[in-house]
Amino acid sequence: MKRLQLQRWSSSVLSPRARAGSRLHQQLYSTGLRLQSTASPLQSETSIPDDVEHVDIGDPGMMRHVRRVHKRKTQLQYPSPPVDAAIKSPKLAALHARLYLPSRLPVQTLARTLVDASADRNADFNNEALATLGHDLLTHYTSEHLLCNYPRLPLSVIFAAMYAYVGPKTLAAMTKEWGVDWATVPGGEVDPGLLQFKRIDPGTKVDEVSQLQSPRPYAAQKGWRMTVSSKIFYDDEFGDAIKGSAASNEGVTTEMASATFVRAVMGAIYLHAGRPAAKRFFEQHILSRHLNISELFNFSQPARDLARLCARENFEPPVAKIVSETGRKSRHPVFVVGVFSGQDKLGEGAGASLAEARERAALAALKGWYLYSPLNPRVPSSMEEEGAAPWKPAHVDVGEVIV
Amino acid sequence: MPVKGIRTVASARNGVGAFILQCKRLDFHYCNFWASSRGMLNFLTKDLPAFAREHPQIEIRVSPRPAKHPVIKGHYINGHEKAICVRNLEPEDIMKKTMILKEASGDKLKRTKKPVTSVNESVRGIWSPYHGDLRGV
Amino acid sequence: MFSRSILRSFTSELRFTARSSISAAPLPQRACLHQTSWLRTTQQQSQSQSQSPNPESPLGATPRAQDTQPEIQQGSKAPSTPTSTSNTIIPQTRADVPIEKQPVAPNFDTPLEITKSLMSSLPHLAGQTPHYVVAELHARPYLLTAGDHIRLPFLMPKVKPGDILRFNRASAVGSRDFTLKGSPYVDERLFECRVRVTGTESEPLRIKEKTKRRQRHTKTAKSKHRYTIMRVMDVRVKTPEELLQEGAVVVEDTENTTKVEARS
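If you're matching them up, the sequences are chains A, B and C in order.
Numbering-wise (the numbering used here), the first sequence opens with residue 6 and increments by one.
Numbering-wise (the numbering used here), the second sequence opens with residue 7 and increments by one.
Numbering-wise (the numbering used here), the third sequence opens with residue 380 and increments by one.
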């Protein structure tokens, strides 16, 4: 396989200053232009501070004042902080070191990941593109981890587990755990180490889905049943309806902006440092979190599901038997009921009534089936490592029971 | 729909994968004229650069606070703040106080009796009186 | 003269030089593993024991202290190591401790001996997750599973937040149905238990009033102890294949060997 030219790829997201670029670039940008070539050259304004540098005013206090005024003027010119401010921000440097980000990822890109699209509409300076990439990577790694480790999980539980690992709530919590604060109002003079986004107006309904954007046919029909499998095709990774892009001057919630930031960091690591670093970042920050998948199930009729499952798998039909009991005539009886299929005990549960105990036993049996996990599972992306052992096909299950 | 998923948030376990130092910012306040700041001024000029170089993950702010005793304030990721007054202390002692602030988790001080706290389920399960043999009475 | 702007500029400058120098230069390895495992890794360089070794160049999303195998920094941190006798090697982190006070490093001149019965029952134990370990530290048992939070009842000296320790003394390692009991300790080559130091914590100030009879004076004794807090990174039992690869030898069963006990 040909070696990837990471430097070349990542240079498009980098500011020219951080590029290992030519001297011409450095000369061009030493005048303080805005970085990307798509931005229109603003020679007239930007040349002023340059002149100020050279003018020798005798009074140093006056000189400082004049400089500050000009600096402020240039800062206010743009909706997000200028690139050279990133090098001078201690917050940003501390964040870079705190996350143990690779040294190949420059602080300028980290500063860019902190600018939400609602703060700066210009796609060259906000984190939207990085976040799109990061989101795809995060969901890809999470889904392959879930599918290879728990091949029998029902789809709705997979959606819930995906949400628990890389959902916006989790990512927003991660932003807090990384110690990232947000600016109240975005602007060019804000410290680039703060998360910048335009806040949504109070009273706006956040959860309202604009039905027109949904790719689902007949989306306007309220009463129509939406199957779980249709969510794979029409909805997003968490089983939610896809929301349309926000209107131009609408803000975002703190949660959404934080989630976009974490995704953008993931995308930036992938671009600057490559796939192994991105995968390690994912494992250390996402997979290391604690999630008990057995708590994500919500069965409505476990006994019925278990009967269907046994019929599908050609087991003998499940029979509930009392294993032991105490105090049947008392105020607090306890029944321990096991669900048996022939000679095999599928599950066991204790309850205060026979029905409750049977229900719990069926639930335990179903969880035991769905939470099957193969020994030493490997994920497909582990094949991308150098010197990986030959791939053995992962176990693929037929799926959940359909009632 | 036979089974539904319950949405939760995976809880963080700092240190299992990545480790993030809980102290995110240290503020050093000093006074230029009071004698109680003498050790602090020495510390700021002599030891602080090396400390900052060793701990790039901590943001360091130095600011004067005239006519007050010198103070170090630690800001933590959980939003708490700890302050230690370092009046009349020598630079070595101030370094010790700085290390205390750096290593602290930022949580409220609690008295705990058990050394291990776990969110995992018991590995061997919980003992049940309804299983196993009946002992003769 | 201590002007604010000068100091500001000074510290800000310093922060940047600090960051770049740290991230660019190969950092002195701070992972302070137990001496034993350190020795073993030096002896058996070729074997990778646990996770995939980190690829060198594409960087450090890895925290520095996170490598499972510590690199040996010969003389980079402490150039004056105490005079080492014959072939004892002293880890840099313990260089300040006098040699006679250092913990005795186990010298694995004999390979790990596994009895046949253990060999046959070990896969059952290794295959059943999760695992627990009863790790002993200063003769106190700690029942640990992966992800647990420990607050040691003392302040561990010479550790920094972020360091990784390996607990190598365990009286029992087990899963739900199987337990490997040591007599008195399980051989440390059979399992892995790593913990990461996450900082120190202190208890609230305790004030005890000391009084004596017929004296109006009351003495108040104050105490505020500090404790080391840690996080268990993983608890793992090695599979027989791994052990054989690391040079274990299968021997015949004898009396009082360690056995895997199934749950009754």
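Just so it is clear, CB atoms sit at the ideal spot from N, CA and C, and this is done for glycine as well.
Query: Short of 7 Å Cβ to Cβ, which residues in the region 598 to 612 of chain C face chain B?; Result: I608, R610 and M612
Query: Taking all protein chains shown into account, do 16 or more other C-beta atoms lie within 10 angstroms of the C-beta of A/A360, making it buried, or fewer, making it exposed?; Result: exposed
Query: So for A/D141, helix, strand or coil by DSSP?; Result: helix
Query: Under the assumption that B/R19 contacts A/H140 (Cβ atoms under 8 Å), give the Cβ distance between them as a whole number of angstroms.; Result: Not really, about 23 Å apart at Cβ, beyond 8 Å.
Query: Taking B/T104 as the reference, give the member of B/G85, B/M46, B/K120 and B/I12 with the closest Cα.; Result: B/M46
Query: Identify each residue in the region 17 to 32 of chain B for which the Cβ-Cβ distance to at least one residue of chain C is less than 7 Å, and report them in chain order.; Result: R19, N20, G21, V22, A24, F25, L27 and Q28
Query: Excluding five sequence neighbours on each side, which residues of the same chain lie with their C-beta closer than 7 Å to the C-beta of A/V406?; Result: D310, R313, L314 and R317
Query: Is B/K108 close to chain A, meaning its C-beta is less than 7 Å from at least one C-beta of that chain?; Result: no
Query: With DSSP as the reference, label A/W187 as helix, strand or coil.; Result: strand
Query: Are there 16 or more other CB atoms within 10 angstroms of the CB of B/I66, so buried, or fewer, so exposed?; Result: buried
Query: According to DSSP, is A/F304 part of a helix, a strand, or is it coil?; Result: strand
Query: Can you tell me which of the three DSSP states C/P502 falls into?; Result: helix
Query: Would you identify the three-state DSSP class for C/S602, choosing helix, strand or coil?; Result: strand
Query: Near B/G80, what residues of its chain come up, given a Cβ to Cβ distance below 6 Å and the 5 sequence neighbours on each side ignored?; Result: C29, L32, K88 and L107
Query: By the 7 Å beta-carbon criterion, what residues does the region 122 to 136 of chain B contribute toward chain C?; Result: V122, T123, S124, V125, N126, V129, R130 and G131
Query: How many angstroms separate the CA atom of A/Q113 from the CA atom of C/L522?; Result: 46 Å
Query: Please compile the residues from chain C whose C-beta is within a distance smaller than 7 Å of the C-beta of B/T118.; Result: R530
Query: Does the pairing of the region 9 to 25 of chain B with the region 164 to 176 of chain A give three or more beta-carbon distances under 8 Å?; Result: yes
Query: Taking C/D556 as the reference, give the member of C/P509, C/M498, C/F533 and C/K495 with the closest Cα.; Result: C/P509
Query: Excluding the five sequence neighbours on either side, which residues of its own chain have a C-beta within less than 7 Å of the C-beta of B/R93, listed in chain order?; Result: S42, H75 and P76
Query: Residues of chain B with CB closer than 7 Å to the CB of C/T506, please, in chain order.; Result: With the sequence shown as reference, residue 506 of chain C is identified as Gly, and Thr is not the correct amino acid for it. The premise fails here: C/G506 is roughly 14 Å from chain B at the closest Cβ pair, so nothing lies under 7 Å.
Query: Name the DSSP bridge partner or partners of A/Q226?; Result: Note: A/Q226 sits in no beta bridge, so no partner.
Query: Nearest by alpha-carbon distance to C/I493: which of C/V512, C/A641, C/G626 and C/V574 is it?; Result: C/G626
Query: Can you give me the Cβ contacts of B/V68 inside the same chain, cut-off strictly under 7 Å, excluding the 5 residues immediately before and after it?; Result: F34 and L50
Query: Work out the CA separation of B/V129 and C/I529 for me, nearest whole Å.; Result: 17 Å
Query: List the whole-angstrom C-beta distance separating A/P84 from A/G192, where the pair is believed to meet the contact cut-off of C-beta under 8 Å.; Result: 7 Å
Query: Taking all protein chains shown into account, decide if C/L501 is buried (16 or more other Cβ within 10 angstroms of its Cβ) or exposed.; Result: buried
Query: Find out if the Cβ-Cβ distance for the pair B/V22, C/G506 is shorter than 7 Å.; Result: no
Query: Any idea if A/P86 is buried or exposed, counting beta-carbon neighbours within 10 angstroms, 16 or more meaning buried?; Result: buried
Query: Go ahead and pull the three-state DSSP assignment for C/P432.; Result: For C/P432, the pLDDT reaches just 35, beneath the cut-off of 50, and the residue's location in the model is therefore unreliable, leaving the point undetermined.
Query: Fully enclosed by the region 24 to 79 of chain B, which alpha helix (DSSP H) runs are 4 residues long or longer?; Result: 44 to 52 and 54 to 60
Query: Beta carbon of A/P323, beta carbon of A/L368: below 7 Å?; Result: no
Query: What in chain A is Cβ-close to C/G526, meaning under 8 Å?; Result: H295
Query: Can you tell me which of A/T118, A/E391 and A/P379 puts its alpha carbon nearest to the alpha carbon of A/D402?; Result: A/P379
Query: Hey, out of C/K603, C/E621, C/V611 and C/L569, whose CA is closest to B/K116's CA?; Result: C/K603
Query: For B/E98, decide whether its Cβ has a neighbour in chain A, counting only Cβ atoms nearer than 7 Å.; Result: no
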